[in-house]
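Worksheet: the structure to be examined is printed underneath.
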Amino acid sequence: MQLTQRSKNVVNKEMTFMERIYLPAILKGLLTTLKHFFRKSNTVSYPKENRPFAPVYRGWHVLKRDEQGRENCTACGLCAVACPAEAISMVAAEREKGEEHLYKEEKYAAVYEINMLRCIYCGLCEEACPKEAIFLTDRIVPSDYVRQNFVFGKDKLVEGVEPDKRIDVSKRQKHKTEA
Amino acid sequence: MTALLLFSLGFIIEKATLILVLFLVTLGVAAYATYGERKIAAFFQDRLGPSNAGPWGLLQPIADGVKMFTKEDFVPNQSERWIYILAPGAFIFVALMASAVIPWGTTLTLGGLNWNLQVADVNIGILYVVGLASLGVYGIMLGGWSSNNKFSLYGAIRASSQMISYELAMGLSLIAIVMLSGSLSLRTIIEQQSGMWNVVYQPLGFILFLTCSLAECNRAPFDMAECETELIGGYHTEYSSMKLGFFLFAEYINMFISCTVISCLYFGGYYFPGLDPNWLGGLMGPIILLSKSFFFIFVFMWIRWTLPRFRYDQLMHLGWKSLIPLAILNMLLTGAGILFFGK
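Sequences listed follow chains B and R, in order.
Going by my numbering, the letters in the first sequence line up with residues 1027 to 1205, in that order.
Going by my numbering, the letters in the second sequence line up with residues 59 to 401, in that order.
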């Protein structure tokens, strides 16, 4: 099967005079490398600059809050059911009096854990969620030395209340409504 | 007597200053040649190269130096200990000595004094350079042998046979230059190129000399002594810390000196059309010579990052069956040219 037009038949013939003095071939090679010398480098100096992600990129999950800073999640467990890798586990709790500013509905997740090593970043939890509480974002999960540290609790999943600590998921929401 | 003493004291101070400056410049150029090598290699491969140490990675050679000095200085148990320690020193010593006979410019006027920009104007200058080039193989040979490692020994043997083979062609192509100028002194050779560069009369000789210089410096495509892929570094496999640093450094010094010698022999040394080497109080000469030298360093690197390594038998075929006959032919043609046209 021929995949490209670039393959050359190898012939064991005697080299001609021009081939034997090497110099034309060497000059040709030098010109090729010189072309590359003036070409722009493709390197992305990663920690200093980031390559833009595709809008459908699925990375580190976020648990969203509403505009008043209340957690959207009601601990219904649909995400955990939908999860093919069984990475999600949660403990539900009832909202007490005086906690209305923290949780949107009467039930909330006291413990919400995603094992980032089990997670396959398929996004089914996001699709299953009826409350627009969980989204996959374009943040990369940082590396670590200890497996236990990859079990992300609410401290690493829930976004902050302050406006500058909110995680933008508009790209994912748009994607979702279109689907 | 006092006058003689004063004269000789002034002479000693002049030469000592020149030697010190030359030493520092050579080390500086060699250090930044390592940076240049990495940067140029990166550009040829569409990469960025060292960019984190200082602006554009300019402090990289210093970081490398600190790394080399602080690494463990390891001596293999089964090595010939004293020769093992001696080898890198011998290599870098020989490499540093060659710059003594190179005329860097005419005379430099500084502080009301005239400085002769050549440490020693010996009348066999070019012979001295070639002699030191062949002495350089001792450092490699001793290092490779005393390491007591078969890869090192292979590297050393390859290096010595390669250097001996290519010195012949190098010497023969040099003879054509000597026939043209009638002198072995580098100063005289350069002075005779003030009108027209030797490369015009000796294009074949220049290509031969360039090829042999690459081989003498153990540079790709003739880096048989190192052969990262086959011999894991060749003669310096067992070396670590600054001993390895000496070897690598000496190779860059050798390259710098070779490039300067090429500029002196074929490209008019400190002469450039339209520029007078006596400008700026004589500083123009060294600037011109160094610019030419840097250009050839770039060419050496360009060739290294273009051509793959020769196979060992191809190397020997090229040296003995092509370069030496061509050098003899070149010598004959030069002789005939001098006979019929009278240079």
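A virtual CB, placed ideally from N, CA and C, is assigned to each residue, including glycine.
Please read all numbers here as calculations on a predicted model, not as lab measurements.
query	result
Would a check of beta-carbon distances place leucine 402 of chain R closer than 8 Å to chain B?	Because chain R spans 59 through 401 in this model, residue 402 of chain R falls outside it and cannot be assessed.
Which residue wins for smallest C-alpha separation from valine 236 of chain R, given the options R/Lys129, R/Thr269, R/Thr392, R/Thr92?	R/Thr392
So phenylalanine 305 of chain R packs on phenylalanine 149 of chain R, CB below 8 Å; how close in whole Å?	6 Å
Nearest-angstrom Cα distance between asparagine 206 of chain R and glutamate 138 of chain R?	8 Å
Looking at the C-beta of arginine 1077 of chain B, does it have a partner C-beta in chain R at a distance below 8 Å?	no
Rounded to whole angstroms, what is the Cα-Cα separation between alanine 1205 of chain B and lysine 1180 of chain B?	Because alanine 1205 of chain B sits at a pLDDT of 46, beneath the cut-off of 50, its placement in the model cannot be relied upon, and the following sentence gives the value as read from the coordinates. Approximately 28 Å, taken between the alpha carbons.
Which class does alanine 1205 of chain B belong to by DSSP, given the choice of helix, strand or coil?	With a pLDDT of only 46 at alanine 1205 of chain B, under 50, the local geometry of the prediction cannot be trusted, and the value read off the model is given with reservation. Reduced to three states, the DSSP call for alanine 1205 of chain B is coil.
Determine, for phenylalanine 69 of chain R, whether the minimum Cβ-Cβ distance to residues of chain B falls below 8 Å.	no
If I'm right that serine 243 of chain R touches glycine 263 of chain R with Cβ under 8 Å, what's the distance once you round it to whole angstroms?	Actually they are not in contact, since the Cβ atoms of serine 243 of chain R and glycine 263 of chain R sit about 18 Å apart, beyond 8 Å.
Determine the direct distance from the alpha carbon of tyrosine 196 of chain R to that of phenylalanine 81 of chain R, and round the result to whole angstroms.	22 Å
Along the beta strand (DSSP E) that carries histidine 1087 of chain B, what are the first and last residues, could you check?	1087–1089
Is the CB of alanine 1205 of chain B under 8 Å away from at least one CB in chain R?	In this prediction, alanine 1205 of chain B scores a pLDDT of 46, lower than 50, which makes its location untrustworthy; no coordinate-derived value is stated.
For serine 351 of chain R, which three-state DSSP category applies?	helix
For glutamate 1139 of chain B, which three-state DSSP category applies?	strand
So phenylalanine 1063 of chain B contacts chain R; which residues on that side make the cut at Cβ distance below 7 Å?	Phe101, Phe102
Determine, for isoleucine 1052 of chain B, whether the minimum Cβ-Cβ distance to residues of chain R falls below 8 Å.	yes
Exposed or buried, which one is valine 1088 of chain B when buried takes at least 16 other CB atoms within 10 Å?	buried
So, does the CB of asparagine 1035 of chain B fall closer than 8 Å to a CB anywhere in chain R?	no
Please confirm whether arginine 367 of chain R and aspartate 281 of chain R have their CB atoms less than 8 Å apart.	yes
Pick out whichever of R/Leu175, R/Pro146, R/Ser298 has its Cα sitting closest to the Cα of arginine 245 of chain R.	R/Leu175
Say whether the segment 1038–1058 of chain B touches the segment 1162–1169 of chain B, bearing in mind that this needs 3 or more beta-carbon pairs closer than 8 Å, one atom from each stretch.	no
Do alanine 1135 of chain B and cysteine 1109 of chain B come within 8 Å of each other at the CB atom, strictly closer than that value?	no
Just the chain R side, please: which residues come within less than 9 Å of asparagine 1068 of chain B by C-beta, in chain order?	Asp104, Arg105
Taking C-beta pairs closer than 8 Å, name the residues in chain R that threonine 1059 of chain B reaches, listed in chain order.	Phe102, Trp360, Trp363, Thr364
If we ignore side chains and look at the alpha-carbon of each, how far apart do proline 1168 of chain B and proline 134 of chain R end up?	42 Å
Starting from leucine 1150 of chain B, find everything on chain R with Cβ-Cβ shorter than 8 Å and list it in chain order.	None at all; the shortest Cβ gap to chain R is about 40 Å.
In this structure, what does DSSP give as the bridge partners for tryptophan 255 of chain R?	Note: tryptophan 255 of chain R sits in no beta bridge, so no partner.
Give the C-beta separation of phenylalanine 145 of chain R and serine 204 of chain R to the nearest angstrom, bearing in mind that I take them to be a contact with Cβ-Cβ under 8 Å.	In the sequence on display, residue 145 of chain R carries alanine and not phenylalanine. Sure, about 6 Å apart at Cβ, within 8 Å.
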